[in-house]
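Student: Take a look at this one; I'll ask things after.
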Amino acid sequence: MRLGLFGGTFDPPHLGHLILADESRSQLGLEKVLWIVSGQSPLKLDRELSPVEARIEMVQAAIADNPHFVLSCVDIDRPPPHYTIETLKILEREFPRDEFYFIMGEDSLRDLPKWREPQEIIKRATLAVLARPNPSGRKEREDPKGFADLESKIPGVSSRVVWVNAPQLEIASSEIQKRIREGRSVRYMVTDEVRRVIEERRLYQ
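In short: position in the sequence shown from 1, add 115, done, that's the numbering used here.
Structural data, given as structure tokens:
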């Protein structure tokens, strides 16, 4: 079975997350997509996160109506730091017969050399990367061989990348937090269910 792995702090999960996860599932023939709520990223120790219980509740609210989406607490059920390679090793034991597709943005792909054991990561999972629009505005699968610098640092990475074409929504969790602090609307940026959790918990005030 093909299994999508979609990790993030999801603080909060927004429509861009949902679209990328669903397009990945559809285009790559994934049976399920695990939404892996992560703790503090070792590369972003300066970022303050909402309580993990609140982020779990928001993800549950966001994905409740999609039977292909499943919440995973594999990262937060263990002590930090949470490295992707360790997450993959745990999931291999849980899903020994499944083929993993790690869903990420292009920025994360470019940062991959900074991750712990990137060579081992690409052995254990195919990288499903959101394709950016080309200058003509069309969303096309880019040639992974164009990442010469990345290939020099992680040999073989280009053969482990598949591209996902999805609508490009200029939505960021940090922008949603800022809008809420300023008393501005985030309707149509998050689902109504996520918005209710934010309001009930008074997040980002």
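The beta-carbon is built from N, C-alpha and C at its ideal position, and this holds for glycine as well.
Identify, in the order they occur along the chain, each residue of the same chain with its Cβ nearer than 8 Å to the Cβ of residue 169, setting aside the five sequence neighbours on each side.
Tutor: 312, 316 and 318
Student: Can residue 215 and residue 199 be called in contact, C-beta distance under 8 Å?
Tutor: It is not a contact, given that the beta carbons lie outside the stated cut-off.
Student: Tell me whether residue 212 sits in a helix, a strand or coil according to DSSP, three-state version.
Tutor: coil
Student: If you measure between the beta carbons of residue 119 and residue 140, is that distance less than 8 Å?
Tutor: yes
Student: Can you tell me whether residue 187 is helix, strand or coil according to DSSP?
Tutor: strand
Student: According to the neighbour-count rule (16 or more other Cβ atoms, all chains shown, within 10 Å of its Cβ), is residue 243 buried or exposed?
Tutor: buried
Student: Quick one, are the C-beta atoms of residue 177 and residue 145 less than 8 Å apart?
Tutor: Contact: no.
Student: Below 7 Å CB to CB, which residues in the same chain sit around residue 259 once its five sequence neighbours on both sides are set aside?
Tutor: Residue placement at residue 259 cannot be trusted, given a pLDDT of 46 that sits under 50; the coordinates are not used to answer.
Student: So, is residue 271 buried or exposed, given that buried needs 16 or more other C-beta atoms within 10 angstroms?
Tutor: exposed
Student: Under 8 Å, do residue 152 and residue 191 count as touching if we go by C-beta distance?
Tutor: yes
Student: Hey, how far is the Cα of residue 245 from the Cα of residue 302?
Tutor: 24 Å
Student: Going by DSSP, which residues form a beta bridge with residue 245?
Tutor: 279
Student: Quick check on residue 302: does DSSP put it in helix, strand or coil?
Tutor: In the structure shown, residue 302 sits in a strand (DSSP, three-state: E or B).
Student: Apart from the five residues just before and just after residue 173, which ones in its own chain have a Cβ nearer than 6 Å to its Cβ?
Tutor: 127, 128, 309 and 312
Student: For residue 175, which residues in the same chain have their Cβ closer than 8 Å to its Cβ, ignoring the five residues on either side in sequence?
Tutor: 186
Student: Along the beta strand (DSSP E) that carries residue 147, what are the first and last residues, could you check?
Tutor: Its beta strand (DSSP E) spans residues 147-152.
Student: Nearest CA to the CA of residue 211: which residue from 314, 320, 117 and 306?
Tutor: 117
Student: Applying the criterion that 16 or more other CB atoms from any shown protein chain within 10 Å of the CB defines a buried residue, is residue 131 buried or exposed?
Tutor: buried
Student: Can you tell me whether residue 130 is helix, strand or coil according to DSSP?
Tutor: In the structure shown, residue 130 sits in a helix (DSSP, three-state: H, G or I).
Student: Using CA coordinates, which residue listed in 262, 263, 281 and 202 is at the minimum distance from residue 143?
Tutor: 281
Student: Residue 136 by DSSP, collapsed to three states: which one?
Tutor: helix
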